[in-house]
């Protein structure tokens with residue numbers, strides 16, 4: 001009777017402990033799948049598109065939203081597929097993301113950091129968005145990127161051009177496809193030297209906020225390196241509407257170049273005022289006076305009307321790239337065709353970057369075979385791709401910035417229609433605009449670790 | 001010296017816009033006792049009258065024969081303007097070029113009508129309510145008008161050019177013995193200044209030298225007594241509201257070529273114009289005009305690099321600093337009367 005102490009109660013206890021022990025690995029592995037914010041449980045996955053739907057950038061936001069809708073359509077296997085057919089990765093099959101149908105919610109950033117954070121938070125908490133994208137301001141991008149890092153969702157930035165977004169304010173959960181102020185300056189400098197020579201005196205007007213400061217710092221460093229001299233930089237209030245008081249001193253300053261580090265309505269007004277004061281017809285130091293706008297969008301060109309003619313600037317992408325510069329920019333025509341047939345006009349650079357960001361996120365999930373933000377971060381870091389309209393592109397692991405060619409443009413003298421306002425002067429190869437990760441203009445801040453959230 | 005003269009011209013130009021808006025605000029406050037926060041929206045609607053007329057002149061139909069291919073490779077049919085169809089190439093082109101000055105004629109009836117509808121439909125119900133209620137309702141109205149414009153015209157600024165003949169600049173440098181190109185000033189801004197002076201003079205002459213104006217001035221001084229004399233002062237004040245709306249609208253029409261109109265431009269001017277009215281003295285028409293020019297000139301001088309080197313950021317606060325100083329030394333403003341807004 002050596003086993004006489006084996007009781008019924010003992011067997012049940014042992015069985016329960018053994019059962020729990022056996023079940024433990026299954027429980028832990030289940031936790032690995034759902035242990036992140038807004039893990040999709042049903043047969044759908046929700047993306048959050050946070051764009052300016054009111055305020056001065058509402059038109060830009062509307063174009064971003066069109067691109068997002070088109071991207072979702074293509075991901076779900078509807079329409080003509082757009083850039084899915086040209087994208088170098090073939091992980092996306094037109095059946096949603098990992099078989100889950102893509103649905104989306106939208107928020108209104110109002111181009112205000114607090115409003116943008118509130119709408120992103122609502123989309124994450126109430127609507128279960130697993131990724132946030134969009135926006136057309138660096139202030140908003142930095143704010144929303146920080147929120148997404150805390151909440152444990154991925155942020156695929158829209159139109160944000162400040163060096164800080166992937167510089168001192170970079171975050172592990174945030175990724176930027178759009179180019180930045182340093183890249184604009186690096187691409188523009190050789191073209192400006194070629195067009196206007198290496199002995200020029202610059203007077204600049206700079207919007208007094210993060211983007212303006214980094215844009216000014218970048219363009220000053222790049223132009224001074226090729227021999228230009230900056231004789232004055234004047235900070236202008238963001239709320240300014242009439243720039244005549246700031247333009248008037250330029251007339252007798254001895255400068256022969258005016259750089260306008262302004263964006264949106266600021267740029268439309270300052271450029272209009274500069275042209276009204278006859279700066280384009282002026283001769284200084286025996287040279288024609290020139291105006292440079294380092295970054296401008298198609299919408300800003302439309303707002304400036306005829307004043308944009310002859311003005312040199314830079315863009316992330318242009319809808320004519322593939323036709324004018326060849327196959328290197330494949331994907332451009334496929335996207336323009338999809339977008340143009342659906343909406344009746346060509347897409348803006350804001351639309352292209354938002355479309356590309358949505359596809360890149362979906363592709364990263366498909367390649368990682370997981371919606372877990374940390375898996376997505378791993379799939380995007382150091383990822384090299386092609387076929388999304390910008391030529392071969394790298395998502396650098398160290399700062400989550402895309403490195404690709406930069407388009408230098410000039411306002412057309414005789415545009416054929418309101419969507420054909422700029423001509424491509426040159427496309428600067430990615431190598432010329434690449435900078436080391438510890439470049440002083442991007443110093444400070446840590447990428448940190450990815451946050452999968454709850 | 002040349003820089004000072006340039007900023008003086010700038011100040012007069014800015015001041016003329018402030019003065020025109022402040023004049024309309026004061027007309028409404030002086031006659032009806034209403035603080036009208038929708039006045040900036042009337043300025044904006046005026047600018048959009050210029051945009052609308054230019055859009056009417058660019059209404060077009062498609063050509064019957066394709067002229068090439070569009071961005072998708074489909075046949076492209078050029079737009080043919082109706083004005084050129086109807087009036088011929090030369091007159092059509094002239095109408096298009098002169099759309100902003102012509103918009104003055106287009107805007108007057110529209111602004112008068114908007115003024116009447118605003119006053120009869122909404123604002124008259126708030127005459128006896130506190131000023132805070134009037135501010136809230138007119139501010140709400142401004143937001144509604146702004147959103148309506150955005151719905152139809154979008155949020156992006158819409159370029160509206162001055163006639164070709166006025167697109168250059170006038171060289172004051174040669175005139176005043178300076179180097180050529182030392183003091184140049186855009187023609188259209190000079191025209192804006194002259195136009196403002198004309199409108200301001202016209203409003204004062206209307207109030208000073210017509211029977212209607214005399215009755216209105218009497219009503220402004222003592223509404224009750226004028227009413228007891230059997231004069232329907234309310235009707236006249238409604239007409240004055242329409243005139244004030246037209247003044248704001250005309251200021252907006254002529255401003256359209258200076259900065260591309262957008263739905264938000266009224267708000268940008270409104271706050272400054274209220275400061276102008278308060279500095280000038282609530283209810284004082286000459287005060288509004290004087291303060292408009294004074295603050296415009298001070299703002300321009302504060303933007304000079306020499307001034308900003310000594311006082312960084314002064315350009316952003318100068319108007320408010322001056323307003324504080326004036327209100328501390330003259331609490332009723334430069335030309336304010338006793339008893340206004342003091343009940």
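Protein chains in written order, with this note's numbering: chain A, 1 to 454; chain B, 1 to 343. No residue lacks a Cβ here, since even glycine has one placed at the ideal position from N, Cα and C. The structure presented is a predicted model; accordingly, all values stated were derived computationally and were not measured.
Here residue 335 of chain B is near residue 287 of chain B, since their CB atoms are less than 8 angstroms apart. Shown here for residue 282 of chain A: same chain residues with a beta carbon closer than 7 angstroms to its own, the five before and five after excluded, namely 289 in chain order. Any Cβ of chain B closer than 8 angstroms to the Cβ of residue 111 of chain A would place that residue at the interface, and such an atom is absent. Identification of residues in the stretch 253-283 of chain A having a C-beta nearer than 7 angstroms to some C-beta of chain B yields 265, 268, 269, 272, 276, 277, 278 and 282, given in sequence order.
When C-alpha distances from residue 85 of chain B are compared across B/105, B/62 and B/104, the shortest belongs to B/62. Restricting attention to beta strand (DSSP E) runs no shorter than 3 residues, the stretch 285-321 of chain A encloses them at 290-295 and 312-315, ordered along the chain.
The Cβ-Cβ distance between residue 22 of chain B and residue 280 of chain B falls below 8 angstroms. Of all alpha-carbon atoms in A/152, A/372, A/320 and A/327, the one lying nearest the alpha-carbon of residue 348 of chain A is that of A/320. By the Cβ rule, the stretch 89-106 of chain B counts as touching the stretch 43-51 of chain B, because three or more pairs are nearer than 8 angstroms. In the DSSP assignment, residue 147 of chain A falls outside any beta strand (DSSP E) and lies within the alpha helix (DSSP H) extending over 138-151.
Exposed is the label assigned to residue 227 of chain B, since fewer than 16 other Cβ atoms lie within 10 Å of its Cβ.
Residues of chain B with a Cβ closer than 7 angstroms to the Cβ of residue 169 of chain A do not exist, since the nearest Cβ in that chain sits about 25 angstroms away.
Put simply, of A/405, A/425 and A/398 the residue whose alpha carbon is nearest the alpha carbon of residue 443 of chain A is A/398. For chain A, the residues of the stretch 1-25 of chain B that bring a beta carbon within less than 9 angstroms of one of its beta carbons are 2, 3, 6, 7, 9, 10, 11, 13, 14 and 17, in chain order.
When rounded, the separation of the alpha-carbon atoms in residue 192 of chain B and residue 162 of chain B is 11 angstroms. Considering only beta carbons, no part of the stretch 286-298 of chain A lies closer than 7 angstroms to chain B.
Against residue 306 of chain A, the close residues of chain B are 159 and 161, in the order they occur along the chain (beta-carbon pairs closer than 8 angstroms).
Secondary-structure assignment with DSSP links residue 320 of chain B through no beta bridge to anything.
As DSSP reads the structure, residue 233 of chain A sits in a beta bridge with A/204. Using a C-beta cut-off of 8 angstroms, the stretch 354-372 of chain A makes contact with the stretch 86-101 of chain A, since at least three inter-stretch Cβ pairs fall below that distance. With contacts defined by Cβ atoms closer than 8 angstroms, residue 204 of chain A and residue 233 of chain A form a contacting pair. If you look at residue 156 of chain A, you'll find it in the beta strand (DSSP E) that goes 154-157. The stretch 419-432 of chain A makes contact with the stretch 289-306 of chain A; the number of CB pairs closer than 8 angstroms reaches 3 or more. Taking a contact to require three or more Cβ pairs closer than 8 angstroms, the stretch 222-232 of chain A and the stretch 247-266 of chain B do not qualify as touching. Secondary structure of residue 450 of chain A (DSSP, three-state): coil. Taking a Cβ-Cβ cut-off of 8 angstroms, the neighbours of residue 188 of chain B in chain A comprise 276, given in sequence order.
When Cβ-Cβ separations below 8 angstroms define contact, residue 336 of chain A makes contact with chain B. Going by DSSP, residue 107 of chain A is part of the beta strand (DSSP E) stretching over 101-108. Legend: CB atoms of the stretch 58-86 of chain B lying less than 8 angstroms from CB atoms of chain A belong to residues 71 and 72. Selection A/179, A/415, A/411 and A/400 evaluated against residue 449 of chain A yields A/400 as nearest (Cα-Cα). Boundaries cannot be given for residue 417 of chain A, as no alpha helix (DSSP H) includes it and DSSP labels it neither H nor E. Within 9 angstroms of the CB of residue 302 of chain A, the CB atoms of chain B belong to 156, 157, 158 and 159, in sequence order along the chain. Taking a C-beta cut-off of 8 angstroms against chain A, the contacting residues of the stretch 251-264 of chain B are 258, 259, 260, 262 and 264, listed in chain order. When secondary structure is reduced to three states using DSSP, residue 53 of chain A falls in the coil class, being assigned neither helix nor strand. Contacts with chain A at 8 angstroms (Cβ-Cβ) do not include residue 309 of chain B. In the structure shown, residue 131 of chain A adopts extended strand secondary structure according to DSSP, grouped into three states.
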